[in-house]
Every structure is written in structure tokens, then in C-alpha cells.
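Structure first, commentary second.
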Amino acid sequence: MYKSRFESMGVYLPEKIVTTRELIDRMEAKPHFDLETLTGISARRWRSDEEDSYTLASEAVLRALEKSSYVAQDIDVIISCSITRFKGGLSYYMEPALSKYIKDNLGFRESAMNFDMTNACAGMLTGVYILNNMIKSGLVKNGLVVSGECITPISETALKEIREPVDAQFASLTVGDSGSALIMDRALEANDGIDFIEFMTLAEFAELCFGMPSTEHSGVAMYTDAIAIHREVIKRLPKLFEYLIKKYNVNATDYDYIIPHQTSARAISTAFNMCSPHFDGIPEILMSLDKYGNTSSTSHFVVLEDHLSGKKMKEHARVLFVSLASGIAIGFISAKLGKLEVNYGYYN
Numbered sequence: 003m004y005k006s007r008f009e010s011m012g013v014y015l016p017e018k019i020v021t022t023r024e025l026i027d028r029m030e031a032k033p034h035f036d037l038e039t040l041t042g043i044s045a046r047r048w049r050s051d052e053e054d055s056y057t058l059a060s061e062a063v064l065r066a067l068e069k070s071s072y073v074a075q076d077i078d079v080i081i082s083c084s085i086t087r088f089k090g091g092l093s094y095y096m097e098p099a100l101s102k103y104i105k106d107n108l109g110f111r112e113s114a115m116n117f118d119m120t121n122a123c124a125g126m127l128t129g130v131y132i133l134n135n136m137i138k139s140g141l142v143k144n145g146l147v148v149s150g151e152c153i154t155p156i157s158e159t160a161l162k163e164i165r166e167p168v169d170a171q172f173a174s175l176t177v178g179d180s181g182s183a184l185i186m187d188r189a190l191e192a193n194d195g196i197d198f199i200e201f202m203t204l205a206e207f208a209e210l211c212f213g214m215p216s217t218e219h220s221g222v223a224m225y226t227d228a229i230a231i232h233r234e235v236i237k238r239l240p241k242l243f244e245y246l247i248k249k250y251n252v253n254a255t256d257y258d259y260i261i262p263h264q265t266s267a268r269a270i271s272t273a274f275n276m277c278s279p280h281f282d283g284i285p286e287i288l289m290s291l292d293k294y295g296n297t298s299s300t301s302h303f304v305v306l307e308d309h310l311s312g313k314k315m316k317e318h319a320r321v322l323f324v325s326l327a328s329g330i331a332i333g334f335i336s337a338k339l340g341k342l343e344v345n346y347g348y349y350n
């Protein structure tokens with residue numbers, strides 16, 4: 003059985019920056035709380051009129067290929083994992099799949115497999131889980147996991163519809179647009195590759211967050227009981243860390259960093275402080291919330307790229323990626339970053 007690794011990565015962020023203060027100033031009903039202080043989000047990137055899920059994903063793919071030892075024709079499978087599937091503006095595509103457009107328009111070979119899958123904000127990590135199994139089994143030698151999240155239309159809907167100081171659409175004001183792409187292949191060295199992946203779904207809490215057409219306007223909306231989601235995740239996370247320790251014989255000293263899904267700085271801090279006694283402490287938690295907000299399914303790799311490109315990480319790092327997504331989908335990916343670090347100039 004083979005072991006897989008992260009071979010290269012590309013992230014694309016739109017140029018336009020919108021601050022939290024700008025959003026709050028546009029609201030008729032101001033919140034009772036300071037959204038920026040509560041979440042830690044000062045700004046987020048916002049698509050231009052020419053950008054959508056497909057273009058954001060495509061830009062990220064091109065950047066991943068620039069850093070890769072592969073060309074598009076070498077790739078065996080393309081997996082698109084975004085929540086949003088906008089193409090040609092805000093036209094929502096279910097079929098043909100966005101992965102098909104990426105395959106056809108960016109130079110991938112016709113015989114390459116492609117498919118789309120969605121798992122809320124756990125989408126890209128779930129795509130990694132699927133591709134990891136495909137590579138380990140020998141079904142493919144390599145593949146591409148990609149997501150283009152044109153997610154700020156839910157913010158635009160929220161700005162029109164929030165009328166109360168406490169509203170189910172407040173979480174929609176935390177999101178930002180982005181594209182992220184990851185090429186994976188077989189690991190060649192011991193200091194590289196994915197150690198293990200664990201995913202679980204607490205489906206009884208699925209109705210705490212709905213992504214759907216707005217009940218009032220023509221746009222898309224997200225209705226979330228954010229307090230309840232955080233409460234249920236925080237309640238269970240310590241036990242899940244205890245489970246990881248026993249199953250894989252790991253603890254905090256085995257990791258240099260944790261990259262959680264980027265929701266709220268306060269919620270993340272509370273959750274991992276509660277896990278600390280079970281994990282013998284907590285490694286450094288990496289966040290880019292202040293600059294980019296919650297970029298939904300791309301968030302882990304937006305954070306990773308931000309820290310790698312800024313030379314903010316140790317060499318030979320081992321990272322625990324933690325999914326805390328609506329659904330509720332909780333997942334863990336343990337990985338060493340060998341080849342990615344080489345791509346970002348850490349060592350030869």
C-alpha cells in the first residue's frame with residue numbers, strides 16, 4: 003500500500019478587500035455585539051464582477067501547477083469540492099460538474115477522471131480523504147483537489163435581510179471569497195506525507211445550518227445557529243482528541259501546528275483550551291482569520307499558504323488539520339509537509 007503526500011499547492015485570493023466595519027455600516031439593524039471583536043475577523047476578500055467559483059478555482063489550479071513537478075496532462079483525477087458552484091457570474095451549476103470544466107479548459111487529458119463532491123466547509127479535507135484512499139490503493143498515482151468558493155453572495159443577502167440585532171444570518175457576514183488547489187501524489191520520503199485521516203459526522207445536528215435560496219429574495223442565503231454549533235462541537239472535541247491519542251499514539255509534542263477551520267478566534271481558542279488536558283497541551287494554532295475571514299472549504303489551505311509563503315513555519319513541520327464544519331462534520335488529517343516546504347523555499 004502506498005502513502006500519499008501534498009505535492010504542490012495554489013491559492014488565489016481576489017484583490018478587493020472589504021472590512022467588517024464596512025459591512026456593519028451597511029446594516030440597518032446593528033448587532034448587539036462587536037462582530038470584529040467576537041470573531042477576530044477584520045477583513046475578507048471579495049470577488050470582482052468577473053469572478054465566480056469556476057474562475058477562483060481555475061486560478062488556484064494554475065498556481066498549483068506552477069509549483070508542481072507535474073503538468074496538467076499528467077494528472078489522473080480532478081476532484082472539485084466547493085460549496086458554491088457559480089459559473090458565468092452567479093449562475094449555479096449542478097451539471098456539468100465544475101471539475102469537468104476545469105478538466106476541459108485547463109489542459110488536463112480527456113481520460114482523466116473527474117467528479118464534484120460537497121461536504122460543507124469540510125469539502126477540501128474530504129476531497130483529500132478520498133484522493134488519499136485512491137492513491138494508497140494504487141487506483142491513481144496522483145490527483146488534484148480543488149475548490150473555488152464564491153461565498154460572499156450570502157453576505158449580500160444577509161445585508162438585505164438582517165432586521166434584528168440577533169439573527170440567523172450573522173455568520174454569513176464572516177465569509178470571504180477564495181480559490182485553493184492541492185496536487186497529491188505518492189510520498190517518496192519518511193519526512194513527507196499523510197500519517198492518518200479520521201472523519202465523522204454528527205448528522206443529528208445537520209439542521210443547525212442551512213445553505214439554500216433566500217426565503218425573501220432571489221439570492222442565496224445561509225441560516226445558522228452558530229452558538230449551538232459551537233456548543234455541540236466544543237462539547238465533543240476533547241473526547242475526540244482522547245480517541246486520537248489512543249488510536250494513533252500521538253499527543254501535542256508530536257505536532258508543530260494545528261490548523262483548524264477558520265470560524266471565530268474566540269470559539270477556536272475555547273475549543274482547543276478544553277482539549278489541552280487530553281492532548282498534553284496544544285501546539286501552535288495557525289489562523290489567518292483577521293485578513294481573510296472564513297473562506298469555507300478552502301480555509302485550511304488558505305491559512306497554510308499564508309504561513310508557508312510568509313516563512314512563518316518551522317522546517318520539517320508536522321501539522322494536524324482539524325475540520326469543524328456544519329453537518330456537523332469533524333475530521334482530522336495528520337501530515338508532514340516535506341515537498342510543500344521545498345516548493346516554498348524552506349530547504350533543498
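Plus 2 on top of the position in the sequence shown (first one is 1) and you've got this note's numbering.
Beta carbons are placed, not taken as given, at the ideal position from N, Cα and C, and that holds for glycine.
Boundaries of the beta strand (DSSP E) harbouring ALA223: 222-226, taken from the DSSP string.
Given a length threshold of 4 residues, each whole run of the alpha helix (DSSP H) inside the stretch 4-51 is given here in chain order: 22-27 and 37-41. Within its own chain, the residues whose Cβ lies closer than 7 Å to the Cβ of MET136, once the five positions on either side in sequence are excluded, are VAL79, VAL142 and GLY145, listed in chain order. Within the model, the alpha-carbon separation for ARG111 versus GLY91 is close to 26 Å. A distance below 8 Å separates the beta carbons of ALA62 and GLY12.
The shortest C-alpha to C-alpha distance from TYR257 to any of ALA205, ILE81 and VAL321 is the one to VAL321.
Beta-carbon to beta-carbon, SER84 and GLU38 are separated by about 26 Å, too far to satisfy the 8 Å threshold. Non-local beta-carbon contacts of MET115 in its own chain, meaning distances under 6 Å to residues more than five positions away in sequence, involve VAL79 in chain order.
Excluding five sequence positions before and after ILE196, the CB atoms of its chain that fall closer than 6 Å to its own CB belong to SER6, ASN134 and ALA337, given in chain order. A direct Cα-to-Cα measurement between TYR72 and GLY125 gives close to 24 Å. Uninterrupted alpha helix (DSSP H) stretches at least 4 residues long and entirely within the stretch 251-282 occur at 267-281, given in chain order.
Straight-line measurement puts the Cα of ARG23 at about 14 Å from the Cα of TRP48. ARG188 and PHE8 have their C-alpha atoms spaced approximately 9 Å apart. In its chain, beyond the 5 residues on either side, GLU317 and GLU343 have a beta carbon closer than 7 Å to the beta carbon of TYR349. For LYS237, the closest of ALA183, SER174, ASN275 and LYS89 by C-alpha to C-alpha distance is ASN275.
Counting along the chain, the unbroken beta strand (DSSP E) around PHE212 starts and ends at 211-215.
When DSSP states are grouped into helix, strand and coil, TYR95 belongs to the coil group. In this structure, DSSP gives LEU58 a helical state, which the three-state scheme calls helix. Within the same chain, ALA230, ILE231, GLU234, GLY329 and ILE330 come within 8 Å of PHE207 by CB-CB distance, once the 5 residues on both sides are set aside. The beta carbon of LEU58 sits closer than 8 Å to the beta carbons of TYR14, PRO16, ARG49, GLY150, GLU151, CYS152, ASP179, SER180 and GLY181 from its chain, once the five residues preceding and following it are set aside; these are given in chain order. Shown here for ASP118: same chain residues with a beta carbon closer than 7 Å to its own, the five before and five after excluded, namely SER82, ALA99, LEU100 and SER101 in chain order. Under the 10 Å beta carbon count, PHE323 is surrounded by 16 or more other beta carbons and is classified as buried.
Non-local C-beta neighbours of ALA319 in its own chain, meaning closer than 8 Å and more than five positions away in sequence, comprise ASP258, TYR259, LYS338, LEU339 and GLU343, ordered along the chain. Close CB contacts of VAL20 within its chain, under the 7 Å cut and outside five residues either way in sequence, are with ALA45, ARG46 and TRP48 (chain order). A direct Cα-Cα distance of roughly 22 Å separates ILE332 from ALA170.
DSSP places GLU206 outside any alpha helix (DSSP H), giving it a letter other than H or E.
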